[in-house]
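Protein chains in written order, with my numbering: chain A, 1 to 234; chain B, 235 to 743; chain C, 744 to 989.
Just so it is clear, CB atoms sit at the ideal spot from N, CA and C, and this is done for glycine as well.
On a predicted model such as this, the values are computed, not experimentally measured, just so you know.
Heads up, the thing below is written out as C-alpha cells.
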Amino acid sequence: MANTSGNAYALTCLSPIRKGCIEDGSGVGTGTAYSDDVRHRLQTWGLLEHSPMAKVPQTYLCRYFVLDDVYYQSLSGPDFFSTMYDILSFFSDRFREMALPREDHLKSKYLVFSCNLHGDVDAYLRGMWHAIEEDIRRIWGYCYGFEQVRDADSFAAYVRKCQLKASLFFVGSNDDPLPEQLKALYLKQEFSRFAVEHQGLPATELQQAYRAFMQRVQPLNLAGPSWQPGQSTP
Amino acid sequence: MTKQLDLPDIQGNVVRAYGRFNFPFARYVFFNIRDGRRGRAFVGAVTEQVTTAQRWGLGPDEIPKPPSTVNVAFTYPGMKALELPRASLVGFPMEFIMGMKKRKDILGDDLQSAPERWDPVWRDSREHDRHKDVHMWISINGQSKADVEQRYEWLQQLVAHSAGGVAILSGHRGDDGAEHLPFQDLHVVFENGKPTPKEHFGYTDGIGDPVFEGLPGNPERVTGRGKQMKDGSWAPLATGEFLLGHRDEADEYPIAPSPQLLSRNGTFMVYRKLHENVGTFNAFLDRASRNYPGGKELLAAKFVGRWRDNGAPLVSAPDAASKAAWDEKFAQADRRERDRMLSGFTYDNDMQGAKCPFSAHLRRINPRAALEFTPDAFNTPGALTNRRRLIRRGLPYGEVKDPTRDDGNHGIVIMMLNASILRQFEFVQQQWINYGNDFKAANDKEIILGNHNDQYPSKAVIQSDPDGDGAPYFLANIPRMVETRGGDYFFIPSMTALRMIAKGIVDPT
Amino acid sequence: MDVSLVEDGEEARFSGMQIALSLGACCYKEILSHCNKGRSMSNIAGKAYAMNVITPVRGYMTWINKLIFWVALKKPSTLKGLITLSLIHYARWVIIGRKQFPHLAEDQPKEDLHYAYMLFFSNFNGSWAQYVDSFTFAIPAGLDLFWKWNIRYPKSVPLTSFHSYIQFNQIQTDHYYNAYPMASANDVKSAKALKAALIDFDARHGDAPPDEFLKQYNGLLRSLQHDLGTMQPLPIVSLAAQARGD
C-alpha cells in the first residue's frame with residue numbers, strides 16, 4: 001500500500017475550491033476570490049507551536065497550499081520523441097509544432113493538504129476534526145462537496161474522496177508515534193546536557209546524579225516531561 | 235588529459251601562497267576611487283607591475299622571482315566607481331554585489347564579530363559616506379620589510395600621480411591601540427628571529443591547499459588535496475571550482491559576468507580579518523585539558539585536527555606514541571614525502587571520529603570523503619565535499635605580547651578564493667562552521683571558528699574509540715575564540731580583464 | 744534587479760533577498776511579500792523546508808512511472824544514497840492521471856487535460872540549494888530515474904538547468920507545520936536510538952555497583968557519541984528574522 005511505510009502514512013488531499021468571490025461589503029469593485037481567501041486564511045494561521053496543526057495528534061509534518069493552475073513547460077529540455085519530430089519536421093512544420101508542449105489549465109483551484117502522520121488515517125482525520133473543527137471549516141468551507149461535512153465521520157469520508165495515492169513514500173526519519181518521537185527528542189536533549197555537566201564525576205556521585213536525572217525525565221512515561229508539538233525554543 | 239592554464243593571464247596569488255615562497259612580510263592597502271578616468275589610469279599603472287602566475291626561475295617561460303609581489307582586486311562598488319558598464323555589473327553574483335557586511339546574518343558575524351566592532355576602515359565602508367567605501371585592494375608581499383616598503387613607496391607615488399583620482403583609506407587597527415593606520419601589515423610569526431608557519435594560537439598553518447586541473451606544481455601534490463575517487467586514488471578538482479571561465483565539478487561554467495573577457499581566469503576572494511582571542515584560547519585550553527586523559531597538546535590537536543608543533547594530522551598520529559613515531563619518520567623524510575605525510579590522508583579509517591573529532595576545524599572545513607557515512611553510497615566519495623573547497627591565502631598579523639590577554643593586536647587575515655562565494659565559502663561558514671547537522675552534531679559548531687555565544691552555550695564532543703574503554707570527552711561552554719574585525723567580497727580579475735578595465739573598454743554587448 | 748537599489752540602501756528589500764538566496768528559495772516577489780508582512784518564510788518551519796513541485800507527464804507514461812518507483816525502492820543503491828544523505832524527513836511522489844483530479848460535485852467542472860501530473864512533496868533539512876545539489880552529486884542516476892518521464896526534464900547534470908527546472912515548477916507553501924522545528928531528520932533518528940539505549944542501559948546497569956555502573960555508563964556514552972548534539976533553533980532562520988528589523 002503505497003501510502004504507508006511502516007506505521008507512517010502519507011495523506012495527499014486535493015479539494016476543489018468553488019469559483020466565486022466574497023463580496024467586500026462596500027458593493028464597490030470586486031471582492032476576494034474564494035481561493036485567494038483560503039490562501040489568506042492559511043497564511044494568517046499561527047506558526048510553529050501556535051499552528052492549529054500542533055493540536056492535531058500524530059501529525060509529523062504537514063503543509064497546505066492553494067494550487068491555482070499548472071505550469072506551461074516553456075523551459076527547453078529534451079523530449080522522448082524530439083529526434084523523431086526533428087526528422088519529420090523536414091516534411092511539414094506541423095511536426096515541429098506538435099513537438100512543443102501542450103498548454104493545460106485547471107478548471108478549478110485546489111486546496112492541497114499534504115500530511116505525514118502516524119497510524120490509521122481515518123482515526124487521524126476524526127482526531128483532526130475533534131481538535132480543530134473551526135479551523136477546518138474556515139479552510140475547507142469553500143470547497144465543492146464540503147457542505148455535506150457535519151461531523152468527524154463525514155469529514156473523514158470527505159477527505160478520502162479527495163485523496164490521491166502516493167506512488168512512492170520515502171521515510172527518512174522514522175514511523176514512531178509522535179509522542180514517542182517527542183519524548184525521544186526531549187531525552188536526547190536532556191541526556192546530552194546531563195553527560196556534559198557530569199563529566200569526570202566519581203562513580204558514586206555520578207550514579208546518584210544519574211538516578212535523580214532518570215527520576216526527573218521519566219523515559220518510559222510518555223505523559224511525563226517531553227517536548228511539545230511544534231516547540232520552537234529549547 | 236592534462237589541462238594547461240594561461241599562467242601569464244592569471245594573477246599570481248591565485249596559484250601561489252606567497253608566504254610559502256619566502257615572502258614572510260605583506261602589506262594590504264585599500265583604496266577609494268574618487269574619479270573614474272583617473273582611477274582607471276591608476277589601475278593601468280599598477281597593472282604593469284602586477285605579479286602573474288608565471289613560474290619563477292631561470293628556464294624558458296619563467297621569470298625571475300621578484301623581491302616583492304603586487305596583486306589587485308575590486309569590490310562591487312569599486313567596479314562601479316571604475317565605470318564598468320551596468321550590463322556587466324548586473325552579471326555579478328548577488329552575494330558579491332551585496333558585500334560581506336550585508337551578509338553578516340548568514341555568516342554569523344554577530345555580537346563581538348558584528349560590523350559595529352570592525353576596524354574603522356571596514357566599519358565605515360559601504361555606509362553613508364561614499365568616500366569611505368573600500369573599492370580596491372592592492373597587496374604587497376615582500377621577501378623583506380625593506381622590499382615591502384620600497385613597493386609601498388612606488389604605490390604612494392602612483393597615488394600622488396593620480397592627482398586625487400584615488401585615495402588610500404585609513405582606519406586599520408594596529409599595535410598599541412592604533413586605529414587609523416593607512417594599511418594592514420602582516421607577517422609570519424617569528425620564533426627566535428626565524429619565520430615559522432604558525433599562527434597565534436600556536437598551530438602550524440597553511441598546509442592544506444586544493445589542487446585543481448592546470449595548477450602548476452608537482453602532480454603528486456594532488457594526494458590529499460584533490461578529490462578522492464572510488465578506487466582510492468586522487469584526482470585534481472575541476473578548474474572551474476576556482477577560476478571563472480572553466481568547467482566546474484557540475485560540468486558547466488560558473489556564473490560569471492559578461493563579457494567573457496571580463497571574467498575568464500578571474501575569481502572571487504573573501505577577505506576576512508580575524509582577531510584571535512589568545513588569552514581566551516589559552517585559558518580555555520588549560521581549563522578543558524585539566525581532566526583530559528590525553529593531556530593538553532593532544533586536546534589542542536583535537537580542536538583543529540593537527541598537532542600544533544608540526545601540523546601532523548591526527549588521523550595519522552592520533553596519540554602521543556604514534557605522534558612520536560610520525561615525528562621520527564618526518565625528520566628523515568625528504569620534501570615530497572613530508573608533503574605527503576602532511577596532506578595525503580583520508581578519514582576512511584576514522585569514520586567514528588576517534589582520531590579526528592567531527593567538530594575539529596580540519597574535518598569541518600574539508601571533510602574529504604567523510605560525509606559518505608555508508609561506503610559507496612554516492613556517485614563519488616567526495617560528492618558532498620568537492621564543490622565546497624576553498625583556496626586559502628593570507629598571513630597572520632600582529633604579535634602576542636601577553637598570552638593571557640585578548641586585547642593585543644594579533645590575528646590572521648584569511649583570503650578564500652572560489653568561483654562561487656555563495657556555494658563555497660558561505661556554505662562552509664553557515665552549514666559546517668556555525669552549525670553541525672551534516673556531521674550528525676545537531677547545532678554543535680566548529681570548535682575554533684564557531685561563533686559561540688552565551689545565549690545558547692556551545693559544546694563539542696571529542697569522540698573516543700568505540701572499541702576502547704574510554705569515554706567521549708566533552709568541551710562545555712566553548713568561548714568565542716576568533717572574532718571578525720572586517721573584510722569584504724572582492725573580484726580578482728585576470729590580467730586581460732585588468733587591462734580592459736584600465737582602458738575602460740569592457741563591453742558586454 | 745535594479746542595481747541602484749543597493750546603493751540607496753533599501754535594507755528591507757535586501758534582507759528578503761538575502762534570506763532568499765541563502766536558502767535558495769524560488770520566488771523573490773513572494774519572499775518580499777512575506778517579509779513585508781513580517782512573517783517568516785512560509786516554506787520553512789524550523790529546520791525543515793517544504794518543497795512542492797508539480798510537473799506534467801505524458802498520460803500514458805504514468806504506469807511506467809509507477810513501475811519505476813517500485814523498482815527504485817527495490818534498488819539498494821538508490822535507497823542507500825538517499826538514506827546516507829539523511830536530509831529528508833518524509834518525501835512522496837503522487838501521480839494524478841488526466842482524469843483523476845478529485846471531482847466532488849455535479850456542478851464542479853470536470854478537468855480536461857492533455858497531461859497527467861506528478862506532484863512531489865519533500866520535507867528536508869538544509870538550504871534549497873544544498874538539497875537539490877546533494878541529489879545531483881550523490882545520486883544523479885537515481886534522480887534522473889524519478890524525473891525522467893516528465894515533459895522537458897533537463898537531466899540532473901549540468902546543474903543550472905536542473906535548478907531552473909525545479910524552481911520553475913515549484914509552488915510556494917501557504918502553511919507549513921513541523922512537530923519538531925528544532926530537530927533535523929538526523930536528530931529524530933538519533934533521538935530514537937538514544938531513548939532505546941538509555942532505557943536498555945537503565946534496565947541492565949542502572950542499579951549496578953558504582954564502579955561497574957561507571958564502566959557501563961562510559962560504554963553507553965561511547966555508543967551514543969554521535970547522538971549527543973545539542974539541538975537549538977536553526978541559526979540561519981533565527982538570525983535572518985533579526986535582520987528584517989534592520
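Count the other CB atoms, across all protein chains shown, that sit within 10 Å of the CB of Gln-975(C); report buried if there are 16 or more and exposed otherwise. On the third sequence, residue 975(C) is found 232 positions in, with the first residue counted as 1. It is buried - the Cβ of Gln-975(C) has at least 16 other Cβ atoms within 10 Å.
Is the shortest distance between the beta-carbon of Asp-36(A) and the beta-carbons of chain C less than 7 angstroms? Looking up residue 36(A) in the first sequence gives position 36. No - not a single Cβ of chain C is within 7 angstroms of the one on Asp-36(A).
Using a 10 Å radius around the Cβ and a threshold of 16 neighbouring Cβ atoms, would you call Cys-16(A) buried or exposed? Here residue 16(A) corresponds to residue number 16 of the first sequence, with the count starting at 1. The amino acid occupying residue 16(A) in the given sequence is Pro; Cys does not appear at that position. The residue in question, Pro-16(A), is buried, as its Cβ has 16 or more Cβ neighbours within 10 Å.
To the nearest angstrom, how far is it from the Cα of Ile-139(A) to the Cα of Ser-785(C)? Your numbering for residue 139(A) matches position 139 in the first sequence. Your numbering for residue 785(C) matches position 42 in the third sequence. For Ile-139(A) and Ser-785(C), the distance between alpha carbons rounds to 17 angstroms.
Report all residues from its chain with a CB closer than 6 angstroms to the CB of Leu-732(B); omit the five preceding and five following residues, and keep chain order. The count along the second sequence starts at 1 and reaches residue 732(B) at position 498. Excluding residues within five positions, the ones whose Cβ falls inside 6 angstroms are Thr-281.
Along chain A, which residues have their Cβ under 8 angstroms away from the Cβ of Ala-710(B)? The sequence position of residue 710(B) within the second sequence is 476, counting from 1. Those are Val-196, Glu-197 and Gln-199, listed as they occur along chain A.
Could you give the first and the last residue of the continuous alpha helix (DSSP H) run that contains Asp-419(B)? The count along the second sequence starts at 1 and reaches residue 419(B) at position 185. Note, Asp-419(B): premise wrong, no alpha helix (DSSP H); beta strand (DSSP E) at 418-421.
Determine which residues of the stretch 473-504 of chain B have a Cβ less than 7 angstroms from any Cβ of chain C, and write them out in chain order. Ala-484, Asp-485 and Glu-486
Helix or strand or just coil, what does DSSP make of Ile-667(B)? Within the second sequence, numbered from 1, the residue matching residue 667(B) stands at position 433. In this structure, Ile-667(B) counts as helix in the three-state DSSP scheme.
Quick check on Tyr-9(A): buried or exposed, where buried means 16 or more other Cβ atoms within 10 Å of its Cβ? Here residue 9(A) refers to the residue found at position 9 when the first sequence is read from its first residue. So Tyr-9(A) counts as buried.
Best match in Arg-254(B), Ile-696(B), Ala-710(B) and Gly-684(B) for proximity to Pro-431(B) [C-alpha to C-alpha]: Locating residue 431(B) in the second sequence gives position 197, where the first residue counts as 1. Of the candidates Arg-254(B), Ile-696(B), Ala-710(B) and Gly-684(B), the one whose C-alpha sits nearest the C-alpha of Pro-431(B) is Arg-254(B).
With contact counted as at least three CB pairs below 8 angstroms, one residue from each stretch, are the stretch 630-641 of chain B and the stretch 498-517 of chain B in contact? yes
From the DSSP output, which residues share a beta bridge with Glu-483(B)? As a working mapping, residue 483(B) is identified with position 249 in the second sequence. Paired residues: none, contrary to the question.
Can you give me the Cβ contacts of Tyr-64(A) inside the same chain, cut-off strictly under 6 angstroms, excluding the 5 residues immediately before and after it? Counted from its first residue, the first sequence places residue 64(A) at position 64. So the qualifying residues of the chain are Leu-42 and Phe-113.
Could you check if His-365(B) is buried or exposed, using at least 16 other CB atoms within 10 Å of its CB as the buried criterion? What you label residue 365(B) is simply residue 131 of the second sequence in a count that begins at 1. Under this definition His-365(B) is an exposed residue.
Apart from the five residues just before and just after Thr-457(B), which ones in its own chain have a Cβ nearer than 8 angstroms to its Cβ? The count along the second sequence starts at 1 and reaches residue 457(B) at position 223. Closer than 8 angstroms at Cβ, skipping near neighbours: Trp-468, Arg-574, Ser-577 and Gly-578.
Which chain C residues sit within Cβ distance under 9 angstroms of Cys-162(A)? For the purposes of this step, residue 162(A) is identified with residue 162 of the first sequence, where counting begins at 1. Chain C residues near Cys-162(A): Pro-845 and Leu-847.
In whole angstroms, what is the alpha-carbon distance linking Leu-180(A) and Ala-152(A)? For this step, residue 180(A) is matched to residue 180 along the first sequence. For this step, residue 152(A) is matched to residue 152 along the first sequence. The question names Leu, but residue 180(A) in the sequence shown is Glu. Going from the Cα of Glu-180(A) to the Cα of Ala-152(A) covers about 25 angstroms.
At a CB-CB cut-off below 9 angstroms, which residues of chain A make contact with Asn-544(B)? As a first step, residue 544(B) must be located in the second sequence, where it is residue number 310. Chain A residues near Asn-544(B): none, gap ~30 angstroms exceeds 9 angstroms.
Using the rule of at least 16 other Cβ atoms within 10 Å of the residue's Cβ for burial, across every protein chain shown, is Ser-92(A) buried or exposed? Here residue 92(A) refers to the residue found at position 92 of the first sequence. By the neighbour-count rule (16 or more Cβ atoms within 10 Å), Ser-92(A) is not buried but exposed.
List the residues of chain A that Lys-679(B) touches, going by C-beta distances under 9 angstroms, in chain order. The residue labelled residue 679(B) in the question sits at position 445 within the second sequence. By Cβ distance, chain A contributes nothing, its closest Cβ being about 15 angstroms from Lys-679(B), past 9 angstroms.
Cutoff 6 angstroms; reference Met-334(B); Cβ partners in own chain excluding five residues on either side: The residue you call residue 334(B) lines up with position 100 of the second sequence. Cβ within range, chain order: Gly-721, Asp-722 and Tyr-723.
Assigned exposure category for Glu-447(B) - 16 Cβ within 10 Å defines buried: Start at 1 with the first residue of the second sequence, and residue 447(B) comes out as number 213. Counting Cβ neighbours within 10 Å, Glu-447(B) comes out buried, since at least 16 surround it.
Can you say whether Lys-935(C) is buried or exposed, counting buried as having 16 or more other CB atoms within 10 angstroms of its CB? Here residue 935(C) is taken as the residue at index 192 of the third sequence, counted from 1. Burial call: buried.
Name, please, each residue of chain A whose Cβ falls closer than 8 angstroms to the Cβ of Phe-880(C). The count along the third sequence starts at 1 and reaches residue 880(C) at position 137. Residues of chain A passing the Cβ test: none, with the nearest at roughly 18 angstroms.
Assigned secondary structure, Leu-392(B) (DSSP; H/G/I helix, E/B strand, else coil): On the second sequence, residue 392(B) is found 158 positions in, with the first residue counted as 1. Helix.
Thr-204(A), enclosing alpha helix (DSSP H) - first and last residue: Residue numbering aside, residue 204(A) sits at position 204 when the first sequence is read from its first letter. That run of the alpha helix (DSSP H) goes 203-217.
Determine the closest residue to Val-504(B) out of Asn-426(B), Gly-474(B), Phe-659(B) and Cys-590(B), with distance taken between C-alpha atoms. Working through the second sequence from its first residue, we reach residue 504(B) at position 270. Answer by Cα proximity: Phe-659(B).
Length of the line joining the Cα atoms of Pro-229(A) and Asp-930(C): Counting from one through the first sequence, the residue named residue 229(A) turns up at place 229. Counting from one through the third sequence, the residue named residue 930(C) turns up at place 187. Roughly 15 angstroms separates the two Cα atoms.
With a CB to CB cut of under 8 angstroms and the five nearest residues on each side skipped, what residues in its chain are close to Met-734(B)? Here the question's residue 734(B) lines up with position 500 in the second sequence. Same-chain partners within the cutoff: Leu-495, Leu-496 and Val-740.
Quick check: is the beta carbon of Gly-460(B) nearer than 7 angstroms to any beta carbon in chain C? Counting from 1 along the second sequence, the entry for residue 460(B) is found at position 226. Not an interface residue.
Among Met-98(A), Glu-103(A) and Tyr-144(A), whose alpha-carbon lies nearest the alpha-carbon of Glu-849(C)? The sequence position of residue 849(C) within the third sequence is 106, counting from 1. Measuring from the Cα of Glu-849(C), the nearest candidate turns out to be Tyr-144(A).
What did DSSP end up calling Cys-115(A) once you bin it into helix, strand or coil? The residue you call residue 115(A) lines up with position 115 of the first sequence. Residue state, collapsed to three classes: strand.
Inspect the CB distances between the stretch 616-628 of chain B and the stretch 583-595 of chain B and report whether three or more fall short of 8 angstroms. no
In chain C, which residues lie with their C-beta within 7 angstroms of the C-beta of Gly-145(A)? Taking the first residue of the first sequence as 1, we reach residue 145(A) at position 145. Within chain C, the residues near Gly-145(A) are Leu-847 and Ala-848.
Pick out whichever of Gly-442(B), Ile-372(B), Ala-472(B) and Gly-411(B) has its Cα sitting closest to the Cα of Arg-597(B). For this step, residue 597(B) is matched to residue 363 along the second sequence. When only C-alpha atoms are compared, the closest one is Gly-442(B).
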